[in-house]
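There are 2 protein chains.
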Amino acid sequence: MTIKLYELAAAEDDRLFSPYCWRVKMALAHKGLAFESLPWRFTEKAAIAFSGSGTVPVIVDGDRTVADSWVIAQYLDEAYPDRPRLFEGNEARTLAYFFKHWCEGNVHPPCMRAIVLDLYNALHEKDKAYFRASREKRFGRTLEEHAADRSGAIAALRAALAPLRPVLAEQPFVSARAPGFADYILFGTFQWTRAVSPVKLLEPEDPVYAWRERMLDLHGGLGRKAKGYPV
Amino acid sequence: MTIKLYELAAAEDDRLFSPYCWRVKMALAHKGLAFESLPWRFTEKAAIAFSGSGTVPVIVDGDRTVADSWVIAQYLDEAYPDRPRLFEGNEARTLAYFFKHWCEGNVHPPCMRAIVLDLYNALHEKDKAYFRASREKRFGRTLEEHAADRSGAIAALRAALAPLRPVLAEQPFVSARAPGFADYILFGTFQWTRAVSPVKLLEPEDPVYAWRERMLDLHGGLGRKAKGYPV
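Same order as they appear, the protein sequences are chains D and R.
Start counting at 1 in the first sequence, then tack on 110, and there's your number in the working numbering.
Start counting at 1 in the second sequence, then tack on 110, and there's your number in the working numbering.
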């Protein structure tokens, strides 16, 4: 049965920019599970109220509804143990959980500063007031102030990625020889930025750039074919 | 046969403060391998020249000599596959390699700023000129300037540890239900600081503090019994 995936969309239904939804979409493809993408906007809380969650991703798999990208990844490995695993085992899962928090705490903030106005401009009209109010509260300043130093944000992002470069110099993926959920976590970040912003975040000679190229080609080019800007 | 471990010592032979040597010492204990610690100072390059390395840890296991804490960890799992593993598998090893670079790039620098003068004062007299010259070159300023803002360094350390707290809120160890090499990587950092400095780096209510307590008790209290300051 086809899994339904509620995904955050911008003005266009097929400009899908949530890093968390991208994690899940790549995970579904990794496991070879068919899915149908249902575009959703920040302000459509009623449409996913059945899930108990106010945010996406939400998946509906037959009679099971699961929200939150991390919880969904655990669910997929448990519900489909005979398909390719997202985690090698308990230790890898726990280290990937650290990687998730590193990514969200150290990588997302400079990315947000680099793209926030492009993101705002790409949003569906009905989401703009919500996004501005919620993010200005979170940042403690206006979106324009938050976006004021784009070159500083890009430099901060490149510095934050430092621990990853020795890993990708030795292995093609964060999860070693084949991609795993840790790869999808960070790849989601770059699909988020790429969906809404033309900004060049990485230098082509960066090992992270080459890794992102490999990720864009996975699963039939699922990432590369998605609506967004060239990286 | 007892493995020989060349370990960095301060003025006293039993004040062992290298984070990298601590990783190896904990790894040897984890695998239940008997070892003999040989104190070594920064300026005793000739004593380990046989290894091809200018720094410790160096282990001698029968006719095998291995240097570098990361390389030694791989060696131990390969040479002693039937003893408790330091890595669950390839994916966990690669994520632990990321964790190592995160630790050295994000955790060590604020620790160094917090302890560097205590460390300098604890050194063997014959190492002091070497340490001052090499570190002042690395830092681009005097040790005293590098140490000037201890409370800022402690605040930066606590902020850097943020991605770890959600992990330790759910699992007792970085490597999940039992300690693995990733735990020994970060524990080495705290054994380094504790060996030479009385500074209180963590608040008792920090989940990282509780984790460090568990680590101090492992393997018969190997870490806690070592010469150092109360944490």
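Glycine included, C-beta positions come from ideal geometry on N, C-alpha and C.
In this text the structure is predicted, and so the values were computed from the model without any measurement.
For D/P129, the secondary structure class from DSSP, reduced to helix, strand or coil, is helix. Excluding residues up to 5 positions away in sequence, L326 lie with their Cβ nearer than 6 angstroms to the Cβ of D/R334 in the same chain. One alpha carbon belongs to R/F241, the other to R/F152, and they sit about 8 angstroms apart. Your pair R/W132 and R/G338 does not check out as a contact, with CB atoms roughly 11 angstroms apart and the cut at 8 angstroms. Following the DSSP letters along the chain, one finds R/L115 inside the beta strand (DSSP E) bounded by residues I113 to L118. D/R287 has a beta carbon lying within less than 9 angstroms of a beta carbon in chain R. Per DSSP, reduced to three states, the secondary structure at R/L311 is coil, with no helix or strand assignment.
Just so you know, the alpha carbons of D/E313 and D/P282 end up roughly 18 angstroms apart. Of the candidates D/A139, D/F208 and D/E255, the residue whose Cα lies closest to the Cα of D/A224 is D/E255. In this structure, DSSP gives R/L148 an extended state, which the three-state scheme calls strand. By the CB criterion at 9 angstroms, D/L126 and D/A336 fall inside the cutoff. Check the Cα spacing between R/T165 and each of R/Y294, R/K155, R/A139 and R/R174: the tightest is with R/K155. For D/F208, the residues of chain R that pass the 9 angstroms Cβ criterion are L205, F208, F209, W212, P273, L274, P276, V277, V284 and A292, in the order they occur in the chain. Between R/Y294 and R/M136, the CB-CB gap stays under 9 angstroms. Around the C-beta of D/V341, 16 or more other C-beta atoms lie within 10 Å, and the residue is accordingly described as buried. Inclusion of R/C221 and R/L311 in the CB contact set at 9 angstroms is warranted, their separation being smaller than that value. Restricted to the stretch 179-265 of chain D, the alpha helix (DSSP H) segments that are unbroken, complete and at least 4 residues in length are 179-189, 200-212, 218-232, 235-249 and 253-256, listed in chain order. Take R/T303, set aside five residues on each side of it, and the residues of its chain with a beta-carbon closer than 8 angstroms to its own are C221, A224, I225, V309 and L311, in chain order. Exposed is the label assigned to R/R248, since fewer than 16 other Cβ atoms lie within 10 Å of its Cβ. Taking 9 angstroms as the threshold, the shortest C-beta distance from R/Q281 to chain D falls below it.
Looking at the DSSP output, R/T299 sits in no beta bridge, so it has no partner there.
Counting C-beta atoms within 10 angstroms of its own C-beta, R/F160 has fewer than 16 neighbours from the protein chains shown and is therefore classed as exposed. Chain D has a Cβ within less than 9 angstroms of the Cβ of R/F197.
Within the stretch 210-235 of chain D, the residues whose Cβ lies closer than 9 angstroms to some Cβ of chain R are K210, H211, W212, C213, E214, G215 and N216, listed in chain order. Across the set D/Y116, D/A270 and D/G262, the C-alpha of D/Y116 shows the shortest separation from the C-alpha of D/S128. With a cut-off of 8 angstroms on Cβ pairs, the stretch 201-209 of chain D is in contact with the stretch 202-213 of chain R, counting three or more such pairs. In the DSSP assignment, R/A269 forms no beta bridge with any residue. Beta-bridge partners assigned by DSSP to D/R174: D/D171. Against chain D, the beta carbon of R/A183 has no neighbour under 8 angstroms; the closest one sits roughly 14 angstroms away. By DSSP's assignment, D/A156 forms no beta bridge with any residue.
Look at D/E201: its C-beta is under 9 angstroms from a C-beta on chain R.
Per the coordinates, the alpha-carbon of R/N200 lies some 25 angstroms from the alpha-carbon of D/V217. Only residues of its own chain outside the window of five on either side were considered, and among them Y116 and W150 have a CB closer than 8 angstroms to the CB of D/A157, listed in chain order. The beta carbon of D/A121 sits closer than 8 angstroms to those of A232, L233, H234 and E235, all from its chain and outside the five residues before and after it, given in chain order.
When DSSP states are grouped into helix, strand and coil, R/A305 belongs to the helix group. DSSP lists D/F283 as the bridge partner or partners of D/A286.
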